[in-house]
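In full-length UniProt numbering, the protein residues as written are 1 to 319.
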């Protein structure tokens with residue numbers, strides 16, 4: 001279990017740093033609703049900061065896989081949502097911003113909540129749902145992709161950001177569930193993976209969530225998208241982990257674990273607004289000096305401003 005906890009925290013660290021780098025890269029292009037479409041999404045990925053973020057996402061995904069195979073899903077998903085604490089601190093350093101009291105409270109909430117979860121978590125559940133559940137995961141990805149396509153050019157920015165963020169989070173949730181139900185294999189016996197629909201659900205969900213993540217950081221309403229992503233990737237997957245996979249806490253510690261989970265998620269939600277950063281010229285930042293997150297976020301929606309924050313961590317963001 002110790003290895004799993006270390007892996008979960010390492011994944012959060014990688015994903016949190018990747019968020020900052022990918023935001024810096026994605027901010028260089030206008031959002032898709034202004035005519036970019038999928039080609040614009042692809043162009044937003046073709047730069048050095050974004051590529052470095054992808055490399056960290058890859059490392060984070062490997063750590064996530066290790067954590068998911070040895071910890072309850074609710075612990076891992078809460079830890080991944082806690083990557084926003086890493087993003088807040090790293091973003092403050094890179095963008096010369098001071099964290100306000102709300103952001104520091106969010107960072108503290110994430111840290112305390114994850115510490116409580118680590119202390120109360122039991123071993124991962126050993127229930128093995130039938131093949132129907134594996135197919136259901138793949139079907140869920142199809143539904144997520146269809147909904148995303150339907151709202152891709154929706155005219156209401158707030159609603160679009162909320163839906164994109166939710167779909168991104170649910171996609172990462174599918175990744176976590178798929179990893180948990182995949183069969184154990186040996187290095188040279190990969191046949192069971194290729195015949196399991198959960199494998200394709202994992203890959204497809206990661207890709208779908210990745211696209212929605214990129215659109216989320218380019219859409220302008222980053223606070224809305226990030227908050228929706230956090231809720232999407234934690235609440236429902238954690239519940240399914242308990243009900244379907246048999247995840248549990250240590251004996252008698254359910255209330256404490258629930259409190260830790262809630263605190264970690266609320267902390268992450270408090271940090272969602274930190275995603276609304278401004279990437280004005282270096283000269284302007286130097287002239288203005290360090291600014292608080294509250295000062296920066298008051299300009300939400302200003303034309304020409306680039307808002308950057310991953311609407312989710314891509315597993316390679318996943319999950």
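Cβ coordinates follow ideal geometry from the N, Cα and C atoms, glycine included.
Three-state secondary structure (DSSP) of residue i
i	result
residue 134	helix
residue 250	coil
residue 153	coil
residue 14	helix
residue 20	helix
Alpha-carbon spacing of residue i relative to residue j, whole angstroms
i	j	result
residue 257	residue 183	28 Å
residue 81	residue 147	23 Å
residue 91	residue 3	28 Å
residue 226	residue 190	36 Å
residue 201	residue 168	14 Å
residue 124	residue 51	33 Å
residue 262	residue 188	41 Å
residue 77	residue 22	21 Å
residue 55	residue 158	30 Å
residue 72	residue 115	14 Å
residue 66	residue 10	10 Å
residue 160	residue 166	10 Å
residue 150	residue 62	32 Å
residue 199	residue 57	19 Å
residue 178	residue 247	15 Å
residue 325	residue 89	Outside the shown range of the chain (1 to 319) lies residue 325, about which nothing can therefore be said.
residue 47	residue 53	10 Å
residue 260	residue 49	34 Å
residue 193	residue 70	19 Å
residue 130	residue 245	11 Å
residue 231	residue 265	8 Å
residue 109	residue 20	21 Å
Continuous alpha helix (DSSP H) stretch holding residue i: start and end
i	result
residue 101	101-120
residue 64	48-68
residue 73	73-81
residue 245	First-last for residue 245: undefined, no H or E at that position.
residue 193	191-194
Option nearest residue i by Cα separation, candidates the options
i	options	result
residue 229	249, 120, 270 and 62	270
residue 142	87, 204 and 65	204
residue 17	156, 77 and 83	83
residue 13	52, 60, 49 and 206	60
residue 211	77, 48, 145 and 86	145
residue 224	102, 199 and 272	272
residue 153	127, 215, 120 and 66	215
residue 249	74, 149, 57 and 47	74
residue 208	98, 164 and 89	164
residue 1	101, 245, 117 and 193	117
residue 233	79, 132 and 160	79
residue 120	5, 64 and 107	5
residue 111	8, 213, 244 and 242	8
residue 24	106, 87, 181 and 109	87
residue 128	192, 265, 180 and 15	180
residue 133	264, 267 and 241	241
residue 102	15, 85 and 162	85
residue 64	100, 15, 106 and 107	15
Distance cut-off 7 Å: residue i Cβ against heavy atoms of the ligand MG
i	result
residue 164	With respect to small molecules bound, the structure shown includes none, and the ligand MG cannot be examined in it.
Contact the region 248-264 vs the region 130-147: 3+ CB pairs below 8 Å = no
key: Stretch-stretch touch, CB-based, cutoff 8 Å, three pairs: the region 161-179 with the region 233-241   = yes
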